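Colleague: Numbering (full-length UniProt numbering), first residue to last: 1 to 156.
By construction, the Cβ of each residue, glycine as well, lies at the ideal position given by its N, Cα and C atoms.
Every value quoted in this text rests on a predicted model; they were computed, and no experiment measured them.
Below is one structure. I have some questions about it.
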């Protein structure tokens, strides 16, 4: 049985007068039956857009990351072209719900805690810091900054 456009099919290849059959033909089957070139099947999961990328990023576990930056880029008010290795914590903290979390959620629902920005789950933060960082600024003054770079990350 050959089914082609014009023989009871609309412009999309769907049957207009398909009565009494157990199943309707699919577009892929129609293209095969009519001798049309085969089209590759659509992927089950289309290419992720920005929204999907953000969703996946939210599920990366808490981890230590690093970035090489100039001292000026740190935004601490120092002018210097010296570079430092800035280590930081990034990721999510998926942990078991604790009594604290359940109680906090309940207090927020009952409006006992109002208009305060309270998080009901832990966040990824430094647990310890690297050694102090020393550098010369643009005026040749020596500076030391403590607790600048994370050494170990965890869910706090």
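When DSSP builds the beta bridges, which residues end up paired with residue 59?
Modeller: What you label residue 59 is simply residue 59 of the chain shown in a count that begins at 1. In the DSSP output, where bridge partners are listed per residue, residue 59 has none listed.
Colleague: Can you look up residue 76 in the DSSP assignment and give me helix, strand or coil?
Modeller: Translated into the one-based positions of the chain shown, residue 76 becomes position 76. It is coil, neither helix nor strand.
Colleague: Keeping to the same chain, check which residues put their C-beta closer than 6 angstroms to that of residue 154; ignore five residues upstream and five downstream.
Modeller: Numbered from its first residue, the chain shown carries residue 154 at position 154. Contacts found: 127.
Colleague: Identify whether residue 103 lies in helix, strand or coil by the three-state DSSP scheme.
Modeller: The sequence position of residue 103 within the chain shown is 103, counting from 1. Looking at residue 103 - three-state DSSP - the assignment turns out to be helix.
Colleague: Terminal residues of the continuous beta strand (DSSP E) containing residue 152?
Modeller: Counting from one through the chain shown, the residue named residue 152 turns up at place 152. Looking at the DSSP string, the run of the beta strand (DSSP E) that includes residue 152 is 150-155.
Colleague: Quick one: what does DSSP say residue 144 is sitting in, helix, strand or coil?
Modeller: In the chain shown, the residue the question calls residue 144 occupies position 144. Three-state result, residue 144: strand.
Colleague: Skipping 5 residues on each side, what residues in its chain have a beta carbon closer than 6 angstroms to that of residue 32?
Modeller: On the chain shown, position 32 is the one that residue 32 refers to. Unreliable positioning characterises residue 32 in this predicted model, as indicated by a pLDDT of 44, which lies under 50. A coordinate reading is not provided.
Colleague: With a threshold of 8 angstroms on Cβ separation, who are the neighbours of residue 129 within its own chain once the five nearest residues in sequence on each side are excluded?
Modeller: Translated into positions along the chain shown, residue 129 becomes position 129. Contacts found: 146, 147, 148, 149, 150 and 151.
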